[in-house]
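Q: Below: one structure in structure tokens.
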Amino acid sequence: MKSQTIGDYDIVHALGQGAAGAVYLVRNRISGMEYAMKLLHPEEAGKARMNDRFIREALVLKDLRHPNIVGYVDSGHVDCGDEGISYYIVMELVECGSLKSAMRNFGRFPWRTAVKVAGQISEGLAHAHAKGVIHRDLKPA
Numbered sequence: 000m001k002s003q004t005i006g007d008y009d010i011v012h013a014l015g016q017g018a019a020g021a022v023y024l025v026r027n028r029i030s031g032m033e034y035a036m037k038l039l040h041p042e043e044a045g046k047a048r049m050n051d052r053f054i055r056e057a058l059v060l061k062d063l064r065h066p067n068i069v070g071y072v073d074s075g076h077v078d079c080g081d082e083g084i085s086y087y088i089v090m091e092l093v094e095c096g097s098l099k100s101a102m103r104n105f106g107r108f109p110w111r112t113a114v115k116v117a118g119q120i121s122e123g124l125a126h127a128h129a130k131g132v133i134h135r136d137l138k139p140a
């Protein structure tokens, strides 16, 4: 990626990488608030089906306001020059990290903690299901 700015956001650094895109820590240039930005790789954005899925994900996330679901902040597209157009979703930054990293850092959870975490996950999923959304890729990452 050539630009270190996308929309109203300055890219601070990469948080993770996947086959279809990357997640970055970004800072809003106006408010100074930090968020996570999911950015579709331009070569993936060139595929109509992938575009449709990514845009749908943004619309679904925008409608899923719940304390146990990461919050939608913004979305849009960016011109990547010769690479084409890419799409992004800006979400609340989950500062405590992923469940996977917590399990790696702290080991096995006490049963009360495990039950509490499972309950929070279930509440978020129940809210999504009530809105007709099925999460097909649930993992602790």
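Under numbering that gives the first Met the number 0, the first residue of the sequence shown carries the number 0, and numbering increases by one thereafter.
C-beta atoms are modelled at their ideal positions from N, C-alpha and C, and glycine is treated no differently.
From a predicted model like this one, the values you see are computed outputs, not experimental measurements.
1. CA-CA distance, Val77 and Ile5?
2. Rank Pro109, Tyr86 and Lys61 by C-alpha distance to the C-alpha of Val22 and give the top, closest one.
3. Does the beta-carbon distance from Gln119 to Asn50 come in below 8 Å?
4. CB Lys138 to CB Met90, shorter than 8 Å?
5. According to DSSP, which residues form a beta bridge with Ala24?
6. So, for Ala44: in the same chain, excluding its five sequence neighbours on each side, which residues have a beta-carbon less than 7 Å away from its beta-carbon?
7. Who are the Cβ neighbours of Ser70 in its own chain at under 6 Å, not counting the five residues just before and after it?
8. Taking only the alpha-carbon atoms, compute the straight-line gap between Trp110 and Ala117 and give it to the nearest angstrom.
A: Concretely, from the data shown:
1. Counting from 1 along the sequence shown, the entry for residue 77 is found at position 78. Counting from 1 along the sequence shown, the entry for residue 5 is found at position 6. About 7 Å.
2. As a working note, residue 22 is residue 23 in the sequence shown. Closest option to Val22, Cα to Cα, is Tyr86.
3. Counting from one through the sequence shown, the residue named residue 119 turns up at place 120. Counting from one through the sequence shown, the residue named residue 50 turns up at place 51. No, they are not a contact pair.
4. In the sequence shown, counting from the first residue as 1, residue 138 sits at position 139. In the sequence shown, counting from the first residue as 1, residue 90 sits at position 91. Cβ atoms of Lys138 and Met90: not closer than 8 Å.
5. In the sequence shown, the residue the question calls residue 24 occupies position 25. Looking at the sequence itself, residue 24 is Leu, so the reference to Ala does not match. In the DSSP output, where bridge partners are listed per residue, Leu24 has His12 and Ala35.
6. As a position in the sequence shown, residue 44 is number 45, starting the count at 1. Result list for Ala44: Asn50, Gly83, Ile84, Ser85 and Tyr86, in chain order.
7. Within the sequence shown, numbered from 1, the residue matching residue 70 stands at position 71. It is Gly, not Ser, that sits at residue 70 in the sequence shown. So the list reads Glu91, once near-sequence residues are dropped.
8. As a working note, residue 110 is residue 111 in the sequence shown. As a working note, residue 117 is residue 118 in the sequence shown. Distance between the alpha carbons of Trp110 and Ala117: 10 Å.
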